[in-house]
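Protein chains in written order, with numbering that gives the first Met the number 0: chain A, 0 to 396; chain B, 0 to 378.
Virtual Cβ for every residue (Gly too), placed ideally from N, Cα, C.
The structure displayed is predicted, hence computed values, not measured ones.
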Amino acid sequence: MTDQEQFRQETRDWLEKNCPASMREPMSENEIVWGGRNAQFPNPDSKIWLERMSARGWTAPVWPTEYGGGGLSKDQNMILQSELKRINARPALFSFGLWMLGPALLEFASEEQKLKFLPQIVRGEIRWCQGYSEPGAGSDLAGLQTRAVPDGDDYVINGQKVWTSYADQADWIFCLVRTDTSVKHEGISFILFDMETEGVETRPIKLISGSSPFCETFFRDVRVPQSHLVGKLNAGWTIAKRLLQHERTSISNFGAVTGSEPVPLEFVARNYVGTNDDGKLADASLRERIVTHRMEDLGFQLTLKRVALEATQGSGPSAASSLFKSYGAKINQDRCELTVEAMGAQGLGWSGDSFSEDEIAATRQWLRSKGNSIEGGTSEINTNVVAKQVLGLRDHQ
Amino acid sequence: MAMILNEEQNMLRDSARDFVSDKGPVSAFRKIRDEENADGFDKALWTEMAELGWAGVIIPEEFGGADFGFQGLGVVLEETGRTLLPSPLVSTIVLGSSALMLGGSDEQKSTFLPAIAEGKCLLALAAEEGAHHAPYGVETTATADGDGWVLNGNKCQVLDGHVANQLIVSARTSGKGTDRDGISLFVVAADSDGVEIEALSMVDNRNASNVKFGNVRLDAGDLLGTQDKGADILDAVLDRGRIALAAEMLGAAQQVFEFTLEYLKERHQFGQPIGTFQALQHRAVKMFGELEICNSVVMEALTAVDEGRDDMPAMASFAKAKVGDAMHLISSEGVQMHGGIGMTDEHDSGLYLKRARVAEHTFGSSAWHRDRFATLSGY
Ligand SMILES: Cc1cc2nc3c(=O)[nH]c(=O)nc-3n(C[C@H](O)[C@H](O)[C@H](O)COP(=O)(O)OP(=O)(O)OC[C@H]3O[C@@H](n4cnc5c(N)ncnc54)[C@H](O)[C@@H]3O)c2cc1C
């Protein structure tokens, strides 16, 4: 047996023994485990599953073992992922720490910071939120105004963030602050602090889907030790951009990870619009658009696979990850639109017994999906990034 | 799954790229077109391609082939697609040799395959009978006569028909209309009595012919595969053709994208490169993204043939539709983004546009394949 075959066998055996049966079932959004100080485990098995996976470092399979990670090679990780997929195992932990902050810390943080923060992320003990966007700085993120001013051993932070996902439930924030007002990109620093620090306030914002996953976040004289600055002073923009790449990669993989299609679109369509004698969906236009969508989705999944394979031979997320984020967003949005369209009036209910749980969920998902092309950098901005970084086209003067 | 080229395929790609840019650049295609070469391709060059093993690229070694499989073939077709180099690769190698390999008797295989691999025997598939792709819409008949048949009917869009030595013909031996059952395939020598071939002049300057069969006498041994069950072979052959054509189109689309991107960086208006205009940048990124996707799809489809996978028919429709749409978009943008120069015969954009539309149509349009893909997927 080759090393790889042996690793696959051991992994399979371990998962067989350690992945609880209920963790192999499809999961709904409210069963997601985000970890943190106030972690919720609606299903007790999900706590066991998280503990077992994080004990092996397999919530962060490729991070080095000294920071709590699994220490796996990229090839081994591919095997682990395929074995997890084989048994339809749920992700043990959803976490901005795993997807965004951790990879950035590995690259830019001091040894002390890595030892402090990474193992907590692996175990899901601290839940992180992302303090990037501000009312005046969205796409033009580097225009951010939240100030951090040195004072003794601390920085004193004042300003406002917005669209901070789960800020009201997060324990810590990774935050972009202005430490030099005389320059734009070169005056930004990357800093970490506890959301329980005095002067931090969050106000949830209600979305078109009816839920409130993000907040306005206010900082009034928030004192943060200078040791919580990551990287060099005024060199935060590089870290910020790198983290965004990781974010975009994770968002474009998101659908693949959650397997977020409870009932295939064509089944939904068949139920609601029926079929002709030849078995074709009765609505020819809908059928044509469903098959077009299917092909886009399939082509995208194949491309993610190909790029992952190529990455085992190269390194890090490529600039094309920005492109994939836009594609993933569009595909998910198309799926949601088509689902709601197929359901007709039943896909446009807001609440009440006239609509099934699945119908209401489809409607809410459709509304939520509109954010896919905005969060983590808009699709337009991602397209600009690809034009510049991948195609080598210059900015307009 | 083989989504990345292996070492052997990479070497094949490099040598194909060198060969094509050296001996078969776009100017070679222009020469064939402008000199009104009656063959429609460069016979001497085909001999050289055969010497490189390209004619036998999917033919097993026991019949004198190189046996590189469809992934190897795809690599070569992408390169010839890049420069629009016409050759009998699709007609003879993909369609013809596949039909023989899938349905041929031992005798048929040993008669034809070694000659094909040497580049000495050219084949054409005579299956279409109308302006739109309809593989089961067969009105040509083969009527039993003694221990042979008599063939009557008209075929059109026969790729490389007028240069072929042998024609593989679909004919009805039973059934009617668009029945899938009752179609049989025959190998017919192009110089048989009663075969009339008329070369067409197509917009892409590639070879296509109309072929008439008037009381053509066939022997028992001319049947390819099982009587009445020819559609089983025909479908498998066409699927290989679709996937191969997708590989060729991908190469062509890639080429258009690359020279168009160069132009966006070179051409100045309003005091700066036109590639600084966001309206063009976003469309360039769209093309780039579609090519990335098509790359994966073509690789996967070629692999599906080599692995003999059950989803090969679906992959063929997927690849043909997806790459067809991308090629449509990119070939049109290629003209538009060059402005006036893109409309000239001197510029290459138009050549790719013309090739694109013919290739999109051949073996079924994108819409045809979306319909088939949905049907194969059960909706
Ligand atoms: C669901 C969701 C979750 C989010 N979570 C977080 C979070 O946790 N933390 C955080 O910091 N932020 C978060 N965001 C904020 C998100 O990053 C911003 O909304 C996004 O970057 C866009 O900024 P904006 O809203 O200010 O829009 P604007 O920048 O004002 O954009 C408005 C429109 O103009 C377009 N536009 C702007 N500039 C250009 C240009 N140069 N070229 C072409 N078009 C342009 C945009 O694409 C967009 O269509 C979240 C957003 C959503 C929807």
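Are the CB atoms of residue j and residue i within a distance shorter than 7 Å?
i: Ala-37 (chain B); j: Val-75 (chain B); result: no
i: Gln-244 (chain A); j: Asp-152 (chain A); result: no
i: Leu-101 (chain B); j: Ile-232 (chain B); result: yes
i: Arg-32 (chain B); j: Asn-204 (chain B); result: yes
i: Thr-302 (chain A); j: Ile-292 (chain B); result: yes
i: Ile-340 (chain B); j: Ala-252 (chain B); result: no
i: Trp-162 (chain A); j: Ser-132 (chain A); result: yes
i: Asp-238 (chain B); j: Pro-312 (chain B); result: yes
i: Val-137 (chain B); j: Ile-92 (chain B); result: no
i: Arg-371 (chain B); j: Ser-316 (chain B); result: yes
i: Trp-236 (chain A); j: Arg-126 (chain A); result: no
i: Val-149 (chain B); j: Thr-139 (chain B); result: no
i: Ala-125 (chain B); j: Val-168 (chain B); result: yes
i: Gly-71 (chain B); j: Gly-64 (chain B); result: no
i: Gly-220 (chain B); j: Leu-184 (chain B); result: no
i: Ala-341 (chain A); j: Ala-268 (chain A); result: yes
i: Ile-78 (chain A); j: Phe-6 (chain A); result: yes
i: Thr-82 (chain B); j: Pro-24 (chain B); result: yes
i: Lys-264 (chain B); j: Met-294 (chain A); result: no
i: Ala-362 (chain A); j: Leu-264 (chain A); result: For clarity, residue 362 (chain A) is Thr in the given sequence; the question names Ala instead. The answer is no: Cβ separation not under 7 Å.
i: Ser-188 (chain A); j: Thr-196 (chain A); result: no
i: Phe-107 (chain A); j: Val-229 (chain A); result: yes
i: Gly-158 (chain A); j: Phe-218 (chain A); result: yes
i: Phe-173 (chain A); j: Leu-100 (chain A); result: yes
i: Glu-82 (chain A); j: Arg-11 (chain A); result: yes
Provide the residue(s) that pair with residue i in DSSP beta bridges, ordered along the chain.
i: Phe-189 (chain A); result: A:Leu-175 and A:Val-229
i: Gly-147 (chain B); result: B:Asp-144
i: Cys-214 (chain A); result: A:Thr-163 and A:Pro-203
i: Arg-216 (chain B); result: B:Val-149
i: Lys-183 (chain A); result: Paired residues: none, contrary to the question.
i: Lys-154 (chain B); result: B:Val-210
i: Gln-165 (chain B); result: B:Leu-122 and B:Ala-188
i: Arg-171 (chain B); result: B:Thr-140 and B:Ile-182
i: Pro-272 (chain B); result: B:His-267
i: Asn-157 (chain A); result: A:Arg-146
i: Trp-127 (chain A); result: A:Trp-171
Residues of chain B with CB under 9 Å from residue i, in chain order?
i: Glu-265 (chain A); result: Ala-373, Ser-376, Gly-377 and Tyr-378
i: Gln-396 (chain A); result: Gly-270, Gln-271 and Thr-275
So with CB distances below 9 Å, who are the chain A contacts of residue i?
i: Gly-220 (chain B); result: Those do not exist, as Gly-220 (chain B) stays about 39 Å from chain A at its closest Cβ, beyond 9 Å.
i: His-132 (chain B); result: The premise fails here: His-132 (chain B) is roughly 17 Å from chain A at the closest Cβ pair, so nothing lies under 9 Å.
i: Leu-260 (chain B); result: Leu-390, Gly-391 and Leu-392
i: Val-296 (chain B); result: Met-294, Leu-297, Gly-298, Leu-301 and Thr-302
Residue i lies in the alpha helix (DSSP H); which residues open and close that run?
i: Pro-134 (chain A); result: Element bounds for Pro-134 (chain A): n/a, residue is neither H nor E.
i: Ser-14 (chain B); result: 6-22
i: Asp-231 (chain B); result: 229-265
i: Val-334 (chain B); result: 311-335
i: Pro-118 (chain A); result: 110-122
i: Leu-49 (chain A); result: 43-54
i: Arg-293 (chain A); result: 283-310
i: Glu-356 (chain A); result: 356-368
i: Ile-380 (chain A); result: 378-384
i: Lys-353 (chain B); result: 348-360
Can you pull the chain A residues whose beta carbon is under 8 Å from the beta carbon of residue i, in chain order?
i: Lys-319 (chain B); result: What Lys-319 (chain B) touches in chain A: nothing, since even the nearest Cβ is about 11 Å away.
i: Ala-283 (chain B); result: Ala-386, Leu-390 and Leu-392
Which chain A residues are close to residue i, counting only those with a beta carbon under 7 Å from its beta carbon?
i: Leu-288 (chain B); result: Strictly speaking, residue 288 (chain B) in this sequence is Gly, with Leu absent from that position. Going along chain A in sequence order, the residues near Gly-288 (chain B) (Cβ under 7 Å) are Leu-322 and Tyr-326.
i: Leu-263 (chain B); result: Leu-392
Taking the continuous beta strand (DSSP E) assigned at residue i, which residues delimit it?
i: Leu-83 (chain A); result: Not the beta strand (DSSP E): Leu-83 (chain A) falls in the alpha helix (DSSP H), residues 73-85.
i: Ser-376 (chain B); result: First-last for Ser-376 (chain B): undefined, no H or E at that position.
i: Ile-292 (chain B); result: Here Ile-292 (chain B) belongs to no beta strand (DSSP E); instead the alpha helix (DSSP H) covers 277-305.
i: Val-148 (chain A); result: 146-150
i: Ala-198 (chain B); result: 194-200
Applying a beta-carbon distance threshold of less than 7 Å, which residues of chain B neighbour residue i?
i: Leu-308 (chain A); result: Met-2 and Ile-3
i: Glu-4 (chain A); result: Going along chain B, no residue has its Cβ under 7 Å from Glu-4 (chain A), so there is no contact; the nearest lies around 17 Å.
i: Leu-297 (chain A); result: Phe-317
Under 8 Å Cβ-Cβ, which residues of chain B neighbour residue i?
i: Arg-269 (chain A); result: Tyr-378
i: Arg-286 (chain A); result: Ala-373 and Tyr-378
*Residue ranges of each alpha helix (DSSP H) within the segment 33-117 of chain B, 4 or longer*: 42-50, 68-81, 97-102 and 105-116
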